[in-house]
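S.K.:
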Amino acid sequence: MMLTIWRHGEAERGTDDRLRQLTVRGRDDISAGCSQLSAACSTRGIPQPQRILHSQWVRALQTAEAIGAIFSACPVTAEPALHPGSDAAAVDAVLCLHDTQKHILLVSHQPLVSALVDHYLGTAGRVPFLTPGGLVTMSLEMAASGCATLLFWAAPPNYKTDA
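Structural data, given as structure tokens:
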């Protein structure tokens, strides 16, 4: 399975964390990130994302919808295991339900997104802490600790991919 973990884009300040919306910059970053993700997948022979799972918090939903609009054949679905406070075991259980031949894209929040990257790579710190709009793509043998190979990561504003 190909797996991309994407932190939601930059969000406005607000008193209700669940309802914070993306800023204009956050939306622009996600759009730029989609272009870079598509190009990175094409040059590396990786399938484009085929399914997007996201937290239901507004900024994650808006990020997922923006990504889904670019990858138009890609269904976008809310997933409770991606809400803040969740853990890697819950996400593992969700990923086990999906076709291992697909490219799944997860949109969530810190600290979960960086914890998932460390979990799947089996070591902490191989990829910098994901800033808003940051993403990591890896090849995943199975949804378990240490079962992934890092393909690339990127972050705004330029989304230059690194491995």
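Its first residue numbered 95, the sequence shown is counted upward by one per residue in my numbering. Glycine is no exception: its CB is placed at the ideal position from the N, C-alpha and C atoms. In this text the structure is predicted, and so the values were computed from the model without any measurement.
Can you tell me whether M232 is buried or exposed, with buried defined as 16 or more other CB within 10 angstroms of its CB?
M.R.: Position 138 of the sequence shown, counted from the start, is the residue given in the question as residue 232. The residue in question, M232, is buried, as its Cβ has 16 or more Cβ neighbours within 10 Å.
S.K.: Does DSSP put H102 in a helix, a strand or coil?
M.R.: Locating residue 102 in the sequence shown gives position 8, counting from the first residue. H102 falls in the coil class under three-state DSSP.
S.K.: Between the segment 167-178 and the segment 200-211, can you find at least three pairs of beta-carbon atoms closer than 8 Å?
M.R.: Contact between the segment 200-211 and the segment 167-178 is present, because at least three Cβ pairs lie under 8 Å.
S.K.: Grouping DSSP H, G and I as helix and E and B as strand, with all else coil, what is T194?
M.R.: The count along the sequence shown starts at 1 and reaches residue 194 at position 100. Reduced to three states, the DSSP call for T194 is coil.
S.K.: Taking the C-alpha atoms as reference points, what is the distance between T117 and P250?
M.R.: Here residue 117 is taken as the residue at index 23 of the sequence shown, counted from 1. Here residue 250 is taken as the residue at index 156 of the sequence shown, counted from 1. Going from the Cα of T117 to the Cα of P250 covers about 14 Å.
S.K.: Look at the alpha carbon of F165 and the alpha carbon of A158, and state the distance between them as a whole number of angstroms.
M.R.: On the sequence shown, position 71 is the one that residue 165 refers to. On the sequence shown, position 64 is the one that residue 158 refers to. If I take the Cα positions, the gap works out to 10 Å.
S.K.: With a Cβ-Cβ cutoff of 7 Å, do Q150 and A167 count as a contact?
M.R.: On the sequence shown, position 56 is the one that residue 150 refers to. On the sequence shown, position 73 is the one that residue 167 refers to. Their beta carbons are not under 7 Å apart, which means Q150 does not touch A167 by this criterion.
S.K.: The alpha helix (DSSP H) with S136 in it runs from where to where?
M.R.: Translated into positions along the sequence shown, residue 136 becomes position 42. Unbroken alpha helix (DSSP H) run through S136: 118-138.
S.K.: Evaluate L113 with the Cβ neighbour count: other Cβ atoms within 10 Å of its Cβ, from every protein chain shown; 16 or more gives buried, anything less gives exposed.
M.R.: As a position in the sequence shown, residue 113 is number 19, starting the count at 1. The residue is exposed, with fewer than 16 neighbouring Cβ atoms inside 10 Å.
S.K.: In the DSSP output, which residue or residues are listed as bridge partners for H148?
M.R.: Working through the sequence shown from its first residue, we reach residue 148 at position 54. A172, V201, per the DSSP bridge assignment.
S.K.: Does the segment 181-200 come within contact of the segment 104-112, defined as at least 3 CB pairs closer than 8 Å?
M.R.: Cβ pair count under 8 Å is below three, so no.
S.K.: Is it the case that the Cβ atoms of A126 and Y253 are separated by a distance below 7 Å?
M.R.: In the sequence shown, counting from the first residue as 1, residue 126 sits at position 32. In the sequence shown, counting from the first residue as 1, residue 253 sits at position 159. A contact, by the Cβ cut-off of 7 Å.
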